[in-house]
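In terms of full-length UniProt numbering, the sequence shown opens at residue 1 and continues consecutively. Below is one structure, written out as structure tokens; the observations come after it.
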Amino acid sequence: MRTTAAERERERRLLGPQLAELRELGFTTLRVPAERGGDPVSLERLFALLIRLAAADPSLAHIQRGHLAFVESLRVQGADAPQLWWDRVLAGDFVGNAQSERQETARLETRISRDGDELRLSGTKYYTTGSIYADWIHLSALDGDERVGVTVSAHQDGVRSVDDWDGFGQPLTGSGTTTFDAARIDADDIVPPQTDAARWHHLGSVYQLTLLAVIAGIAQRALDDTVDFVRPRRRTFGFAGETLPREDPLVQLVVGELSVAAATARRLVLSVAAELGRATDGEVDAGELQELQLEVFRLQEVVPALVLDATTRLFEVGGASAVGAGPALDRHWRNVRTIASHNPVIQRTRAVGQWELNGTLPDWKAPGA
């Protein structure tokens, strides 16, 4: 997966074979509880593996976001989570995510309708990361006037995902358009509107921390690729001399900065993942999860900025040759910038400031929370 990642990005080869391999390895089942048939790892361990996966291929790690969050939402439901869904996950089924629409307001247009005894779903979703690879797609819709969650089978004529994502980074995430044209749904797969603040804060933290883990993985890969670029070089900034680039103090400085950024990003993400895991292993406490979401907000200010700076500075190690298509060092900055744009950092930082000034924690019902 690692050695051909840059080539796949250049040729825009989707990740179906790589995702199939991950399923075979059991990556998508790592958080299924033992009492539901799984052999679970801690949330901290899951995020450590996710960072490693992102270092190999950031798009492959990114498309796990909806699936991992769906599994965590089942875990927090506890005994209320249907065994049917655990069985589907254990069988290797992959869950994509489709929430965004393009109305001028937060109004939903995707709707559930009745066709005799059958339920149908119609609408269009955008930025549907991972759905092009999915067996099931989890989304928000209107059932009458009520906003609900629904999980629909992707393997039917009424569901179509198109690879029309045209962002300059993360090209293989399948973050394009998914349309639902009278798609069949099961009444058991409709979830009432979320009213449990604890579960909402937990799910929001998982979604956002997943993206930060991908950024941390990219930081590590940027370091690795820069080291691989510098070590064999014999010329420093256009001149052959007595000092090899790897012995140049300025080159060493830049590589050291990359190492600091990668290690810091990883440790920050894993520290919050560990706290989040401890908070949900036992009885879920809404206040604690709300405070942890605030911690994730703080990381969203720090981690992307740290890694964006590092992936800009890395070009100082090689002059014009560092911007060649062969090394593909530019993809690290493009991918980080794209991921960082998924979450509104300015909103997160404002929420932190509101907490510091007024003692007001983020409202779980607020847009973007």
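Where is the CB? At the ideal position from N, CA and C, for every residue including glycine. Computed from a predicted structure; not experimentally measured.
Run of the beta strand (DSSP E) containing residue i, from where it starts to where it stops
i	result
R184	T177 to I185
I137	W136 to D143
T151	E146 to S153
S341	Neither: S341 is in no beta strand (DSSP E) and is coded neither H nor E.
L119	E118 to K125
R221	First-last for R221: A197 to V230, but that is the alpha helix (DSSP H), not the beta strand (DSSP E).
S113	R111 to D115
A98	V95 to A98
Rounded distance between the beta-carbons of residue j and residue i, thought under 8 Å
i	j	result
K125	S100	6 Å
T29	L90	6 Å
Q43	A320	What sits at residue 43 in the sequence shown is Leu, not Gln. About 44 Å; that fails the 8 Å criterion.
F168	T338	7 Å
R334	A6	Contact flag wrong, Cβ pair sits at about 12 Å.
N-terminal and C-terminal residue of the alpha helix (DSSP H) that residue i is part of
i	result
N358	V345 to N358
I132	Unbroken run through I132: none, as it is neither H nor E.
D164	Premise fails: D164 is in no alpha helix (DSSP H) and is neither H nor E.
Q156	Unbroken run through Q156: none, as it is neither H nor E.
Beta carbon of residue i nearer than 8 Å to that of residue j
i	j	result
G149	S161	no
R298	V345	no
L53	G217	yes
V214	A183	no
T128	H62	no
R111	G96	no
V41	W86	no
D135	H155	yes
F315	V323	yes
D157	G176	no
L203	V269	no
R36	Q83	yes
R45	T280	no
L361	L294	yes
CA-to-CA distance, residue j to residue i, given in whole angstroms
i	j	result
R199	S205	10 Å
P367	R107	Residue confidence for P367 is low, a pLDDT of 49 falling below 50, so the modelled location carries little weight; the figure read from the coordinates is stated next. When rounded, the distance between both Cα atoms is 12 Å.
W165	A79	38 Å
Q354	D285	22 Å
L172	Y133	10 Å
R231	G26	36 Å
A369	D186	For A369, the pLDDT reaches just 48, beneath the cut-off of 50, and the residue's location in the model is therefore unreliable, although a value from the coordinates is still provided. In a straight line, the C-alpha of A369 is about 29 Å away from that of D186.
L292	S73	16 Å
residue 376	A219	With the chain covering 1 to 369 only, the question about residue 376 has no answer from this structure.
G277	R12	35 Å
I222	A20	According to the sequence displayed, residue 222 carries Ala and not Ile. Their Cα atoms are separated by approximately 26 Å.
E257	L306	10 Å
S113	R102	21 Å
Q347	Q300	10 Å
Y207	F47	12 Å
R10	L329	12 Å
H342	L209	12 Å
A98	R147	14 Å
Check your understanding: Taking three-plus beta-carbon pairs below 8 Å as touching, is the region 310-319 in contact with the region 248-267?
Key -> yes
Exercise for review: Pair every Cβ in the region 67-78 with every Cβ in the region 222-234, then say whether three or more of these pairs are closer than 8 Å.
Suggested key: no
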